[in-house]
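If you read the sequences in order, they're chains A and B. Note that our numbering gives residue 17 to position 17 of the first sequence, counting from 1, and the numbers run on in steps of one. The number in our numbering is simply the position in the second sequence, starting from 1, with 422 added. Where is the CB? At the ideal position from N, CA and C, for every residue including glycine. Since we're looking at a predicted model, the values are computed, not measured. Presented below is the structure to which this report refers.
Protein chains: 2
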Amino acid sequence: MPTGTQTDAHVPPMHVLARRAREAAGILAVCPAGQRTAALRHVAAGLRDGTETLLAANRRDLEQASLSPFFQERLILTAERLEGVARSVDALAGMEDPVGQVLAAWQQPNGLKLRRVATPLGVLGMIHEGRPTVGVDAATLAIRSGNALLLRGGPESFHSTQALHHVIQQGLARAGLPEDAVLMVPDAGPEHVGDMLRAAGLIDVTVVRGGRALVERVQAEARMPVLAHAAGLCHSYVHAAADHELARRVVRNARLRRPGICGATETLLIDAAIAPGLLPQLVADLAAEGCTFRADEAARSILPELPAATEEDFATEWLDKVLNISVVEGVDAALAHIVRFSSRHTEAILTEDEAVAQYFMQRVPSAIVMWNTSTQFSDGGEFGLGGEIGIMSGRLPPRGPVGPAQLMTWRYEVHGTGQLRP
Amino acid sequence: MPTGTQTDAHVPPMHVLARRAREAAGILAVCPAGQRTAALRHVAAGLRDGTETLLAANRRDLEQASLSPFFQERLILTAERLEGVARSVDALAGMEDPVGQVLAAWQQPNGLKLRRVATPLGVLGMIHEGRPTVGVDAATLAIRSGNALLLRGGPESFHSTQALHHVIQQGLARAGLPEDAVLMVPDAGPEHVGDMLRAAGLIDVTVVRGGRALVERVQAEARMPVLAHAAGLCHSYVHAAADHELARRVVRNARLRRPGICGATETLLIDAAIAPGLLPQLVADLAAEGCTFRADEAARSILPELPAATEEDFATEWLDKVLNISVVEGVDAALAHIVRFSSRHTEAILTEDEAVAQYFMQRVPSAIVMWNTSTQFSDGGEFGLGGEIGIMSGRLPPRGPVGPAQLMTWRYEVHGTGQLRP
């Protein structure tokens, strides 16, 4: 493991940090929307102006011992990546501000006027691993949505996160907003995760993004609600009435475009009625790009050369050029497979039969269900939400990609003229 | 404590019950809305037809040893109370069905059509104490919203809950829906609460309604999200620009209409500028109806005969004819008091100054904020939500009164025509 631990005596305790964040949250939640927008513009400019400094900090992280090539690739910042982040921040700055939006308004027969109004969640605690730019996404989404953020990045990206954090605080300050609105947990040691999770009453919601071990730890220990961005074990189901050419293009994109993202399809389900004709084509398309397969018995009766899939395979998120294949007897069998193995992230059906598509979409247990398109579209930016702090597969809202408008709660405002309850 | 424990060997274990509920939930979530409506109509009719049987079961509970008069009053069913419940169920049957409602719909530049669709939460676990009719409210709200319910009432109402449960299951069966959609945890022993709280993956959301000890236990032990209906330490703030006559009427209603409900005002905050003239009137109005007071020093400098309030008093939900009084120096001082002592349920401001009202409503940390009306209006029925399973004071939605349209989550449906992600 990378070290990165910077233990020292001057780190303020978690409750001090969280109180500072809470005070800043109170200001961010009620300042004019234009001030939050200005902070975002300053952050975007700061990312561009500070590119050299940011790359130098990133080199310090990369020089740490014992980083695997996989970690290196996730960790590395380039001028292009930073420009991409700056553009996302600019896009957020151009978005409609969600704070105070009236979600519903109505009047009761007694004349009481009621409104459900979007209001920031308060203080978000963000715990993540891997890419340091995840922290910038989280911070700028928090600013757009009027929330404060306590950020705890992975120890392996400590210096990068610190340098990015500096840019964000400068952006806040230049817009006249408190720097404490985005605070970095300055010690990257693992004991601080526990401190954050116990800070119920100070941190309103914890957002966790990382590997299964981290997510499960957070869900078990947290004393406040958790928004968990975890595995994406996604399925694409090719129904008997699918357009074959569309299915070939979409399945290839869903598995191979970027095999390592959470919205990538891990398992292909295909109806027995069309499998003999279509499955060999699908497999050939993907094999030509280096994909390998794990197939159930029914699929191997068509393509005996495919390796046999185990139960464990169907429960595995490969995040790689590997595809599980199961031949199913219709939509109910496809749904049964999904209910059993899906991580409740994203599933797709490919069919020209609208009634079957509706039936499937109504019954899928997952946060996102697609019809005739690629599961790789599961992304807050692609959905037009203005980015995402993660894709949540829990049951309660916010579910699916969580952008600024989803990082909100609501309050009820009731306006009377002296009504008394009888 | 009342006993009511009916331990016996044939009680199915929690995971068996929860699996049966989950299967029923799958049917309830996709059946035509009219079938859920029919079930509700049958439940309402069953409550009316079965009045004698229900009252007899209730008498068995009342005959249990060691019930305090307070418990007796909460526990007792009458023909009138049952008719009131039946009318609520009829109202629910007449409501718009929330299942499948399109919460938002838009199209992306690449032609993808997106919809956010309301979908039931799945299996609700409800743990409550006190009034047996709370279980009927929960069950019928669950039916309206397409959710299944596992119901665990207080041991003191065991026979009443059992008889009411029978009426609900008959209503489901008559509408052709599975009786398992509403299951009662048949053993009222406390160990079953723990079993429910560990049933993550089987129960999607736990709803708890009861005293502080029960709510805190559930929040600490539950392995799934919890919707907690807990204390209502509500404030009414009489601002310097209040209409005095309106303030007198509203404060009296807010404290005394029904002193024991969670939306009752426990603490009066009043601006120093108007306290010398108005406070004596307010106190006289309430004292005439048997109310007593706990007053801070500033209030006692106006009315020295009032008993002094301690910190503890301001943190106490009296649920009785007792009112805390604090004289404050303007809206920020009122907000500071509320932030410190409020249980985040409901607060009210009484003022003719719209700018101050807006300022107050934007900054109150609570789920519900009222302007020129009584905090006693905090109620899902009064809000027009079709009843409530509770009033939630947590930060994440659903917040405030939770009616059928709030007992929902959402899924994203994405409809493409073969789009590939670039």
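- Query: Out of curiosity, what's the CA-to-CA distance linking GLU289 (chain A) and THR839 (chain B)?
  - Reply: The alpha-carbon atoms of GLU289 (chain A) and THR839 (chain B) are separated by roughly 24 Å.
- Message: Taking its Cβ as the centre, do 16 or more other Cβ atoms sit within 10 Å of GLN494 (chain B), making it buried, or is it exposed?
- Response: Label assigned to GLN494 (chain B): exposed.
- Item | Cβ neighbour criterion (16 or more within 10 Å) applied to VAL16 (chain A) | Here VAL16 (chain A) is exposed. Its C-beta has fewer than 16 other C-beta atoms within 10 Å.
- Query: Got a sec: is the Cβ-Cβ distance from VAL250 (chain A) to anything in chain B below 8 Å?
  - Reply: Cβ-Cβ to chain B under 8 Å: yes for VAL250 (chain A).
- Message: Just to confirm the assignment, what range does the beta strand (DSSP E) spanning LEU691 (chain B) have?
- Response: Unbroken beta strand (DSSP E) run through LEU691 (chain B): 687-693.
- In or out: ALA104 (chain A) buried (at least 16 other Cβ within 10 Å) or exposed? Burial is judged here by how many other beta carbons sit within 10 angstroms of a residue's own beta carbon; ALA104 (chain A) has fewer than 16 and is exposed.
- Among A:HIS415, A:PRO422, A:ALA91, A:GLY100, which has the Cα closest to the Cα of VAL117 (chain A)? Considering only alpha carbons, the answer is A:GLY100.
- Query: Is DSSP giving LEU246 (chain A) helix, strand or coil here?
  - Reply: In the structure shown, LEU246 (chain A) sits in a helix (DSSP, three-state: H, G or I).
- Message: Less than 8 Å between C-beta atoms, sequence neighbours within five positions excluded: which residues of the same chain meet that for THR795 (chain B)?
- Response: Here the set comprises VAL672, ALA770.
- Query: Which one or two residues does DSSP pair with MET436 (chain B) in a beta bridge?
  - Reply: Per the DSSP secondary-structure output, MET436 (chain B) pairs with nothing in a beta bridge.
- Min CB distance VAL218 (chain A) to chain B below 8 Å: Chain B contact via Cβ: absent.
- Message: Once the 5 residues before and after TRP793 (chain B) are set aside, which same chain residues still bring their CB inside 6 Å of it?
- Response: Excluding sequence positions up to five before and after TRP793 (chain B), its CB lies within less than 6 Å of the CB of ILE771, ALA779, all in the same chain and listed in chain order.
- Task: Return no unless some Cβ of chain B is closer than 8 Å to the Cβ of TYR412 (chain A).
- Result: It does; some Cβ of chain B falls within 8 Å.
- Which stretch, first to last residue, makes up the beta strand (DSSP E) that contains ASN324 (chain A)? Residue range 322-328 is occupied by the beta strand (DSSP E) that includes ASN324 (chain A).
- Item | Minimum C-alpha distance to ALA440 (chain B) - residue among B:HIS588, B:ALA621, B:PRO454 | Measuring from the Cα of ALA440 (chain B), the nearest candidate turns out to be B:ALA621.
- Query: How about LEU47 (chain A) and VAL167 (chain A): are their beta carbons less than 8 Å apart?
  - Reply: Against a cut-off of 8 Å, the Cβ pair of VAL167 (chain A) and LEU47 (chain A) comes out as a contact.
- Item | Cα-Cα separation between ILE790 (chain B) and GLU413 (chain A), rounded to whole angstroms | Rounded to whole angstroms, ILE790 (chain B) to GLU413 (chain A) spans 6 Å at the Cα level.
- Query: Quick one, are the C-beta atoms of VAL193 (chain A) and ARG152 (chain A) less than 8 Å apart?
  - Reply: In contact: VAL193 (chain A) and ARG152 (chain A) (Cβ atoms closer than 8 Å).
- Message: Just to confirm the assignment: which complete alpha helix (DSSP H) runs, minimum length 4, are found wholly within the region 767-817 of chain B?
- Response: DSSP runs (the alpha helix (DSSP H)) wholly in the region 767-817 of chain B: 776-785.
- Message: Contact defined as beta carbons within less than 8 Å: I believe ALA264 (chain A) pairs with ALA254 (chain A). What is the distance between those atoms, to the nearest angstrom?
- Response: Correct: roughly 7 Å between the Cβ atoms.
- Message: With a threshold of 6 Å on Cβ separation, who are the neighbours of THR292 (chain A) within its own chain once the five nearest residues in sequence on each side are excluded?
- Response: So the list reads VAL322, once near-sequence residues are dropped.
- Query: Applying the criterion that 16 or more other CB atoms from any shown protein chain within 10 Å of the CB defines a buried residue, is GLU804 (chain B) buried or exposed?
  - Reply: GLU804 (chain B) is buried by the Cβ-count criterion.
- Given a cut-off of 8 Å, decide if LEU546 (chain B) and VAL847 (chain B) are closer than it, judged by their beta-carbon atoms. Absent from the structure is residue 847 (chain B), since the part of chain B shown begins at 423 and ends at 844.
- Thinking C-beta only, is ALA501 (chain B) closer than 8 Å to ALA466 (chain B)? It is not a contact, given that the beta carbons lie outside the stated cut-off.
- Task: Quick one: grab the DSSP three-state call for GLY125 (chain A).
- Result: For GLY125 (chain A), the three-state secondary structure derived from DSSP is strand.
- Query: Could you give the distance in angstroms between the alpha-carbon of GLN428 (chain B) and the alpha-carbon of ARG639 (chain B)?
  - Reply: Its pLDDT being 43, under 50, GLN428 (chain B) is placed unreliably in this model, and the coordinates cannot settle the point.
- Considering only C-alpha positions, which residue in the set B:THR555, B:PRO600, B:ARG566, B:GLN591 is nearest to ALA578 (chain B)? A small correction: the amino acid at residue 578 (chain B) is Glu; Ala does not occupy that position in the sequence shown. Closest by alpha carbon: B:THR555.
- Query: From GLN841 (chain B) to ARG258 (chain A), what distance separates their C-alpha atoms?
  - Reply: If you take the alpha carbons of GLN841 (chain B) and ARG258 (chain A), they lie about 15 Å apart.
- chain D within 8 Å of ARG399 (chain A), Cβ atoms only: Given the protein chain composition of this structure (A and B), no chain D is represented.
- Message: If we define contact as Cβ-Cβ less than 8 Å, is THR427 (chain B) a contact residue for chain A?
- Response: Low per-residue confidence applies at THR427 (chain B): pLDDT is 41, beneath 50, and the placement is therefore not dependable, though the value from the model is reported in the following sentence. No, its Cβ sits nowhere closer than 8 Å to a Cβ of chain A.
- Item | Three-state class that DSSP yields for LEU514 (chain B) in the structure shown | Collapsing the DSSP output to three states places LEU514 (chain B) in a helix.
- Within 8 Å, strictly: CB atoms of PHE763 (chain B) and LEU655 (chain B): Yes, these two residues count as a Cβ contact at 8 Å.
- Query: According to DSSP, is MET646 (chain B) helix, strand or coil?
  - Reply: Coil.
- Within this structure, are the beta carbons of GLY822 (chain B) and ILE813 (chain B) separated by less than 8 Å? Yes, Cβ-Cβ distance for GLY822 (chain B) and ILE813 (chain B) is below 8 Å.
- Message: For HIS657 (chain B), would you say it is in contact with chain A, using Cβ-to-Cβ distances shorter than 8 Å as the test?
- Response: So, not an interface residue.
- Task: Going by DSSP, name the residue or residues bridged to CYS656 (chain B).
- Result: By DSSP's assignment, CYS656 (chain B) forms a beta bridge with B:THR687.
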